[in-house]
Amino acid sequence: MRDKAYNICREFLSGTWKSISSRDMVFKSVSGGLSNLLYYCSLPETHTPLYGEPSQVLMRMYGQIPSEGSDTTVTESVICTLLSERNLGPKLYGVFPGGRLEEYIPARALTLQQLKDPEISLLISKKLARVHVLQAPLVKEPTWLFNNMNRWLKYARTIKVDTVPIKHQTMAVKLLTVDLAAEVNWLKEFLAKTESPIVFCHNDLQEGNILFMDAPGPKEENMVFIDYEYCAYNYRGFDIANHFCEWMYDYSYPEHPYFKALPGDYPSVEHQRLFIARYLTTYTKCLAMTNEPKQPPNMCTVDYVLHEARVFTLASHLFWTLWSIFNAHTSKIKFGYWVCLLNYCHIYTEKIVFRAILAFFPHGLLLNIALYKLTLHIVTPDLQALTEGKKIYTYLY
240 MRDKAYNICR EFLSGTWKSI SSRDMVFKSV SGGLSNLLYY CSLPETHTPL
290 YGEPSQVLMR MYGQIPSEGS DTTVTESVIC TLLSERNLGP KLYGVFPGGR
340 LEEYIPARAL TLQQLKDPEI SLLISKKLAR VHVLQAPLVK EPTWLFNNMN
390 RWLKYARTIK VDTVPIKHQT MAVKLLTVDL AAEVNWLKEF LAKTESPIVF
440 CHNDLQEGNI LFMDAPGPKE ENMVFIDYEY CAYNYRGFDI ANHFCEWMYD
490 YSYPEHPYFK ALPGDYPSVE HQRLFIARYL TTYTKCLAMT NEPKQPPNMC
540 TVDYVLHEAR VFTLASHLFW TLWSIFNAHT SKIKFGYWVC LLNYCHIYTE
590 KIVFRAILAF FPHGLLLNIA LYKLTLHIVT PDLQALTEGK KIYTYLY
């Protein structure tokens, strides 16, 4: 990989990079990516740039197989250029088959604890609002969410249990017997009843994708969102709900499955309200400086956005369930995808169950038993009970 990185840097960066050897180049792996492989490349200290070329860059190798990720890579490259021009993301230095070269930002990714810090969280809300008002050269219809889920669902149907690692086969048998297509169809119909504005979304705003630059100045200016590979025009509610869901996952865990689920850490209603209030204030100010149509007043209230986030929490968990199934078979990243997808599936079910319990205790009790069985891997979910729960959930919202 060192030689490949060296040749790519020579070709795209030129200048001093052409005068050093592969052995001279500083090269090391960078941790933190769940979908891509990241590498730091730098000129040795004895060499300085000649023509303004960067002395250090980040090489990103896409983790998806090319046939599945080609559209994504083109989109992300275009968006990287746009965000760089708006000072909202790193500069793009080169795009090549299977990856790209981008600006290396001397910065540190947020920890999960920092993500939950009240001051930092409100900065994230303001930055997210600035992203949501961007106009990007992408399809404006909100097709991204279900196009991806259906693509991964199609792939899931081709998985043979004997191709799954032995230690995960029992889990795979149970999970792959769930009618995921029915869940996707139900969710699509359910979300259609929620009027969530379509905006340019990041769609993967977890702690590893938020950096604080090591530079003087206000914290807000030094905060950078990265990894826009999932960006698209999408429902506002999804982006906000997905960020809230990321409070429950610590990706710094050093041992298998390389993440730790913290289901009790979903932000409190009080914090959600503070986050949304700051978001709406910034969003309204930014929108006022553009010629874009303004949102209806009822869609710009804290209660309305809070409702969106609650509903789209389901979409977040089902989306990443299907993502995990796909990546368990295609990704080169060292990560416990099978454990991850079980967790997402569990919480997706739990959200439906929880609402049902609050509304109709007898039904909720039945559903809770089904969830309990799923959690312990005793049997497959009681799909009839889950269906009943979805009816109740639909009634509640």
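Numbering of the sequence shown is given in the working numbering, commencing with residue 240 and proceeding in unit increments.
C-beta atoms are modelled at their ideal positions from N, C-alpha and C, and glycine is treated no differently.
None of the values given here were measured: they were computed from a predicted structure.
Buried is the label assigned to VAL334, since at least 16 other Cβ atoms lie within 10 Å of its Cβ. Closest option to HIS546, judged by alpha-carbon separation, among THR409, LEU276, PRO436, GLY291: PRO436. Residue environment analysis places GLN445 among the buried positions, since at least 16 neighbouring C-beta atoms fall within 10 angstroms of its C-beta. Contact between the segment 416-434 and the segment 453-467 is absent: fewer than 3 CB-CB pairs across the two stretches fall below 8 Å. Shortest Cα-Cα distance from LEU430 to any of PHE565, ARG549, GLY575, TRP256 involves ARG549.
Considering only LYS573, LYS571, PHE558, the residue with the shortest C-alpha distance to LEU581 is PHE558. By DSSP's assignment, GLU341 forms a beta bridge with LEU297, LEU331. In the displayed model, ASN389 falls within a helix according to three-state DSSP. Between TYR301 and ASN326, the C-beta spacing is not below 9 Å. Nearest to PRO455 by C-alpha distance, out of PRO493, SER294, MET264, PRO345, is PRO345.
Here PHE464 really is in contact with GLY328; their C-beta atoms are around 7 Å apart, less than 8 Å. Between LYS366 and the set GLN374, CYS525, THR529, TYR543, the nearest pair of CA atoms involves CYS525. According to DSSP, ARG347 shares a beta bridge with PHE451. Between GLN374 and GLU509, the gap from beta carbon to beta carbon reaches 9 Å or more. One Cα belongs to PHE477, the other to MET240, and the distance between them is close to 37 Å.
The distance from the Cβ of SER281 to that of SER261 is about 13 Å, inconsistent with a contact at the 8 Å cut-off. Every alpha helix (DSSP H) of 4 residues or more that sits fully in the segment 432-511 is shown, in chain order, as 458-461, 475-484. For LEU276, the enclosing beta strand (DSSP E) begins and ends at 275-281.
Excluding residues up to 5 positions away in sequence, LEU519, THR523 lie with their Cβ nearer than 7 Å to the Cβ of CYS539 in the same chain. Between ARG475 and CYS440, the C-beta gap is smaller than 9 Å, which places the two residues in contact.
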